[in-house]
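Trainee: Here the protein sequences line up with chains D and R, keeping their order. Take the first sequence: its position 320, counted from the start at 1, is 322 in the numbering used here, and no numbers get skipped. Take the second sequence: its position 297, counted from the start at 1, is 299 in the numbering used here, and no numbers get skipped.
2 protein chains.
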Amino acid sequence: MRERLVAMMNPAAGAASRSKIKDMSAEVVDNNPYSRLMALQRMGVVENYERIRDYSVAIVGIGGVGSVAAEMLTRCGIGRLLLYDYDTVELANMNRLFFRPEQVGMTKTDAAVQTLSGINPDVVLESYSLNITTVKGFETFLASLKAQSSHERSTGVNLVLSCVDNYEARMVVNQACNELGQTWMESGVSEDAVSGHIQLLVPGETACFACAPPLVVASGVDERTLKREGVCAASLPTTMGVVAGLLVQNALKYLLNFGQVSRYLGYNSLKDYFPAMEMRPNPQCSNPACVLRQKEYMESKPARDAAAKTKMEAEASTENECPVHLDNEWNISVVDDETETSSIRNTPDILPEGLVRELPDADSYAGPAAPVSSSAIDDDDDLEELQRQLDALNAS
Amino acid sequence: MRERLVAMMNPAAGAASRSKIKDMSAEVVDNNPYSRLMALQRMGVVENYERIRDYSVAIVGIGGVGSVAAEMLTRCGIGRLLLYDYDTVELANMNRLFFRPEQVGMTKTDAAVQTLSGINPDVVLESYSLNITTVKGFETFLASLKAQSSHERSTGVNLVLSCVDNYEARMVVNQACNELGQTWMESGVSEDAVSGHIQLLVPGETACFACAPPLVVASGVDERTLKREGVCAASLPTTMGVVAGLLVQNALKYLLNFGQVSRYLGYNSLKDYFPAMEMRPNPQCSNPACVLRQKEYMESKPARDAAAKTKMEAEASTENECPVHLDNEWNISVVDDETETSSIRNTPDILPEGLVRELPDADSYAGPAAPVSSSAIDDDDDLEELQRQLDALNAS
Numbered sequence: 003m004r005e006r007l008v009a010m011m012n013p014a015a016g017a018a019s020r021s022k023i024k025d026m027s028a029e030v031v032d033n034n035p036y037s038r039l040m041a042l043q044r045m046g047v048v049e050n051y052e053r054i055r056d057y058s059v060a061i062v063g064i065g066g067v068g069s070v071a072a073e074m075l076t077r078c079g080i081g082r083l084l085l086y087d088y089d090t091v092e093l094a095n096m097n098r099l100f101f102r103p104e105q106v107g108m109t110k111t112d113a114a115v116q117t118l119s120g121i122n123p124d125v126v127l128e129s130y131s132l133n134i135t136t137v138k139g140f141e142t143f144l145a146s147l148k149a150q151s152s153h154e155r156s157t158g159v160n161l162v163l164s165c166v167d168n169y170e171a172r173m174v175v176n177q178a179c180n181e182l183g184q185t186w187m188e189s190g191v192s193e194d195a196v197s198g199h200i201q202l203l204v205p206g207e208t209a210c211f212a213c214a215p216p217l218v219v220a221s222g223v224d225e226r227t228l229k230r231e232g233v234c235a236a237s238l239p240t241t242m243g244v245v246a247g248l249l250v251q252n253a254l255k256y257l258l259n260f261g262q263v264s265r266y267l268g269y270n271s272l273k274d275y276f277p278a279m280e281m282r283p284n285p286q287c288s289n290p291a292c293v294l295r296q297k298e299y300m301e302s303k304p305a306r307d308a309a310a311k312t313k314m315e316a317e318a319s320t321e322n323e324c325p326v327h328l329d330n331e332w333n334i335s336v337v338d339d340e341t342e343t344s345s346i347r348n349t350p351d352i353l354p355e356g357l358v359r360e361l362p363d364a365d366s367y368a369g370p371a372a373p374v375s376s377s378a379i380d381d382d383d384d385l386e387e388l389q390r391q392l393d394a395l396n397a398s
Numbered sequence: 003m004r005e006r007l008v009a010m011m012n013p014a015a016g017a018a019s020r021s022k023i024k025d026m027s028a029e030v031v032d033n034n035p036y037s038r039l040m041a042l043q044r045m046g047v048v049e050n051y052e053r054i055r056d057y058s059v060a061i062v063g064i065g066g067v068g069s070v071a072a073e074m075l076t077r078c079g080i081g082r083l084l085l086y087d088y089d090t091v092e093l094a095n096m097n098r099l100f101f102r103p104e105q106v107g108m109t110k111t112d113a114a115v116q117t118l119s120g121i122n123p124d125v126v127l128e129s130y131s132l133n134i135t136t137v138k139g140f141e142t143f144l145a146s147l148k149a150q151s152s153h154e155r156s157t158g159v160n161l162v163l164s165c166v167d168n169y170e171a172r173m174v175v176n177q178a179c180n181e182l183g184q185t186w187m188e189s190g191v192s193e194d195a196v197s198g199h200i201q202l203l204v205p206g207e208t209a210c211f212a213c214a215p216p217l218v219v220a221s222g223v224d225e226r227t228l229k230r231e232g233v234c235a236a237s238l239p240t241t242m243g244v245v246a247g248l249l250v251q252n253a254l255k256y257l258l259n260f261g262q263v264s265r266y267l268g269y270n271s272l273k274d275y276f277p278a279m280e281m282r283p284n285p286q287c288s289n290p291a292c293v294l295r296q297k298e299y300m301e302s303k304p305a306r307d308a309a310a311k312t313k314m315e316a317e318a319s320t321e322n323e324c325p326v327h328l329d330n331e332w333n334i335s336v337v338d339d340e341t342e343t344s345s346i347r348n349t350p351d352i353l354p355e356g357l358v359r360e361l362p363d364a365d366s367y368a369g370p371a372a373p374v375s376s377s378a379i380d381d382d383d384d385l386e387e388l389q390r391q392l393d394a395l396n397a398s
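1. Tell me which residues share the same chain as R/Glu52 and place their Cβ nearer than 7 Å to its Cβ, disregarding the 5 neighbours each side in the sequence.
2. Can you tell me whether R/Leu83 sits near the ligand PLP, meaning its C-beta is under 7 Å from at least one heavy atom of the ligand?
3. Can you grab the Cα-Cα spacing for the pair D/Leu84 / R/Glu315, in whole Å?
4. Can D/Leu357 and D/Met279 be called in contact, C-beta distance under 8 Å?
5. According to DSSP, simplified to helix, strand and coil, what is R/Gln184?
6. The segment 174-198 of chain D: which residues have C-beta closer than 7 Å to a C-beta of chain R, in chain order?
7. Decide if the segment 241-259 of chain R is in contact with the segment 67-79 of chain R; the criterion is three or more beta carbon pairs, one per stretch, under 8 Å apart.
8. Residues bridged to R/Met279 by DSSP?
9. Listing by chain order, which chain R residues have their CB less than 8 Å from the CB of D/Glu317?
10. At a cut of 8 Å, does the segment 36-56 of chain R reach the segment 85-92 of chain R through at least three beta carbon pairs?
11. State the DSSP-derived secondary structure class of D/Thr90, mapped to helix, strand or coil.
12. For R/Asp167 and R/Arg265, I'd like the C-alpha separation in whole angstroms.
13. Quick one: does D/Tyr266 have its CB under 8 Å from some CB of chain R?
14. List the residues of chain R whose Cβ lies closer than 7 Å to the Cβ of D/Ser37, in chain order.
15. Any residues in the segment 273-285 of chain R with a beta carbon nearer than 7 Å to a beta carbon of chain D? Which ones, in chain order?
16. Go through its chain and collect everything with a Cβ distance to D/Ser302's Cβ below 8 Å, but skip five positions before and after it.
17. I'd like to check one pair, R/Leu258 with R/Leu161: are the Cβ atoms closer than 8 Å?
18. How is the alpha helix (DSSP H) around D/Glu301 delimited, first residue to last?
19. Taking any Cβ of chain R, which residues in the segment 76-88 of chain D have a Cβ under 7 Å from it, in chain order?
20. Using only alpha-carbon positions, find the residue among D/Gly158, D/Gly243, D/Ser192 and D/Gly261 that is nearest to R/Asp194.
21. Which residues in the same chain as D/Met108 place their Cβ atom closer than 8 Å to its Cβ, once the five residues preceding and following it in sequence are excluded?
22. In the DSSP assignment, what residue or residues form a beta bridge with R/Gln150?
23. Kindly say whether D/Arg20, judged by its beta-carbon, lies nearer than 8 Å to any beta-carbon of chain R.
24. Smallest Cα separation from R/Lys1: which of R/Ala310, R/Val31 and R/Pro35?
25. Can you tell me whether D/Ile200 is helix, strand or coil according to DSSP?
26. Alpha carbon to alpha carbon, how far is D/Thr208 from R/Lys273? Give it in angstroms, no decimals.
27. Checking 8 Å against the spacing of the C-beta atoms, do R/Ser21 and R/Arg82 come in under that value?
28. Name the residue from R/Val175, R/Ala212 and R/Gln296 whose alpha carbon lies nearest to the alpha carbon of R/Leu431.
29. Run through DSSP, which three-state label would D/Thr109 get?
30. When the Cα atoms are used, what is the spatial distance from R/Ser19 to D/Ala94?
31. Using DSSP's beta-bridge definition, name the partner residues of D/Arg82.
32. Provide the residue(s) that pair with D/Val2 in DSSP beta bridges, ordered along the chain.
33. Helix, strand or coil for D/Val244? Go by DSSP, reduced to three states.
34. D/Gln116 CB to nearest chain R CB: under 8 Å?
35. Given this structure, state the Cα-to-Cα distance separating D/Met96 from D/Ala114, to the nearest angstrom.
36. Can you tell me whether R/Val31 is helix, strand or coil according to DSSP?
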């Protein structure tokens, strides 16, 4: 597991094939790469599209979902992208979008920077070829999320996108984001390649990844055929492309303040079914940083209520001047229900149709310095109970 | 409008960076580009994945949706792809996936062949740089769909994917597919970039594109800001990536016989809402070829019923031998309701929530030799009625 930091790199192999553009223009000419994005303002979808240049997004895991998410954000003209992965490109990855056969052998982060800098030289790319689940990797990961960027005045990142393919790495991203109070979005694709999900996690406000066993979309495929020892997971460019698209769409809505940001959205491709739900934080969460963020969130309620009221009043008074305006329901809906912190953790029966718990419980996880052992995840009794739930769901 | 046919080309610029592979293998090794696809068999999702090599798919329109659809099918190892477009690559296309700045000025079909042949040299690529809405272009289009391929014993294509961005081109694809009795899938993305849809069209069995005014997903954005004269449409790589993913996923389900093939699936990205519905053919359809296909479909009902019965009995008897097996509900559901050919054309009130008619009526269209005039589409009275419907929907 190499741990190599390549910051602000623009390798010669990925030399830009267009020159940098100082300001985004809405001018409708063939040689303007931003005209169709700036048109979102004229169409009344986004109030200020160019603000996207002020934002930094970290993508953890540059595989089938993360690489496509990175390309989408790059083509949208995001200000700064931080890319984390420790793996190298193989021909076995060619059944998903993004990487090309001639990149086999390169680290995924280097190959991504090569391709992305050629597509849009305006985006500042930071590439971290490291494993965040090691102690040293976690330290570098945490430091990079907090670091001052040469790109902008503000420190830190605006959003973290988790595109990793395993439980341990998700728990590490969860730990880092809980410690930093950093909003993040999680994504996943099933081992049978036919379902996936995205989820928004706001420390203190929504369930964290340790508050309850992770939710996955039931595919209807017999789960007994999955997860055999040494069996290679299936994957499809379609499922991963859809999940990456839904993830980055949610990220754009969150960053640019339009539409409704989804809390949890599942994708069952066999039935084209998209279950949605919300998850409140668990006051008994095993993650101390999560409990601390929950306490802060409760304490800041009066200030949030006042800000929301001021904003709503300001919008009401300017409504006649701006006839085309979309309320961001995410930002103004915080006044309701928030004193109630009940968790759905102990009531699995209220899950929407088509969603199941991936793992029985997350309590045993103790943070990145002492990663969960595989024996804890493979607890026989819990897995048997989970299997019964899955069987019941598949039989229905 | 150039009309240039470039068949079976593999330009030097897109020289393959891996050698061709004779048979797909499920072996789990890093240098096998098909291991994660062949794993779909072991997972019980697909019965015979390698059959994908026998199939030919035509993609009309190699823009934001069509290019990504082509890349997905190429990475899945489709047998043969036929690509149709008359446009060239511009920097203004760079806000969507696939094309790269160094391809500016190339025809979209040539640029696509360059990229796709580099990704997977096993796929036979046919590139048609022509405009299907001209008389000569339509003739070439029709002939190419029927032609014997050097790739396989069978003639013709197995599926046509329409990824064009205008009504006239969709009506031309509809005309060709009705004439040939060719199953096709239509796709579209709204001008405000935040919604889209896919639709399955089986001549004689489902509504054709002329049976009823096209359905689009209501985005909630004020439609009065859209479709102003000379205003450039907005587009996002996210929405187009999701629509391409849903489209190719539906194509894979149709070709490889797994899951449920969607008839109509909408995508409202502002609310992450996915309306679904079915549309029966209109016995009074203005397209004579559609009416002929409807008649044939009715007449073949007894043979279809017998085949379905035989298939169900065969599956029932082998069920114990193959515990992991997904019924293809699409293929075995034809015994119900099919004698009823009522159309939803004259009952717009039964549309599912979030769907609206894009145009008031399609009757005025007379085939590719006499394309519909813009004045027919812009009929003031009909548009006013449509505007009232849209306003009511947006206000709700």
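Cβ coordinates follow ideal geometry from the N, Cα and C atoms, glycine included.
Mentor: On the basis of the supplied data:
1. Met26
2. Judged by which ligands are present, the structure shown has none, so any question about the ligand PLP falls away.
3. 56 Å
4. Yes, these two residues count as a Cβ contact at 8 Å.
5. In this structure, R/Gln184 counts as coil in the three-state DSSP scheme.
6. Within the segment 174-198 of chain D, the residues whose Cβ lies closer than 7 Å to some Cβ of chain R are Asp194, Ala195 and Val196, listed in chain order.
7. yes
8. R/Tyr266
9. Residues of chain R whose Cβ lies closer than 8 Å to the Cβ of D/Glu317 do not exist; the shortest such Cβ separation is about 16 Å.
10. no
11. strand
12. 20 Å
13. For D/Tyr266, the answer is no, since every Cβ of chain R falls outside 8 Å of its Cβ.
14. Ala94 and Cys234, listed in chain order.
15. Lys273, Asp274, Phe276 and Ala278
16. Here the set comprises nothing.
17. no
18. Pro290 to Glu301
19. Per Cβ criterion, the list reads Arg77 and Cys78.
20. The shortest C-alpha to C-alpha distance from R/Asp194 to any of D/Gly158, D/Gly243, D/Ser192 and D/Gly261 is the one to D/Gly261.
21. Counting only Cβ-Cβ distances below 8 Å, and skipping sequence neighbours, we find Thr90, Val91 and Gln116.
22. R/Thr157
23. Yes, D/Arg20 counts as interfacial toward chain R.
24. Residue numbering for chain R in the displayed model covers 3 to 398; residue 1 of chain R lies beyond these limits and cannot be assessed.
25. strand
26. 19 Å
27. no
28. Since the first residue shown for chain R is 3 and the last is 398, residue 431 of chain R is missing from the structure and cannot be characterised.
29. The answer is strand: DSSP assigns D/Thr109 an E or B state.
30. 14 Å
31. D/Ser58 and D/Val126
32. It is not possible to answer for residue 2 of chain D, since the shown part of chain D is limited to 3 through 398.
33. helix
34. no
35. 14 Å
36. coil
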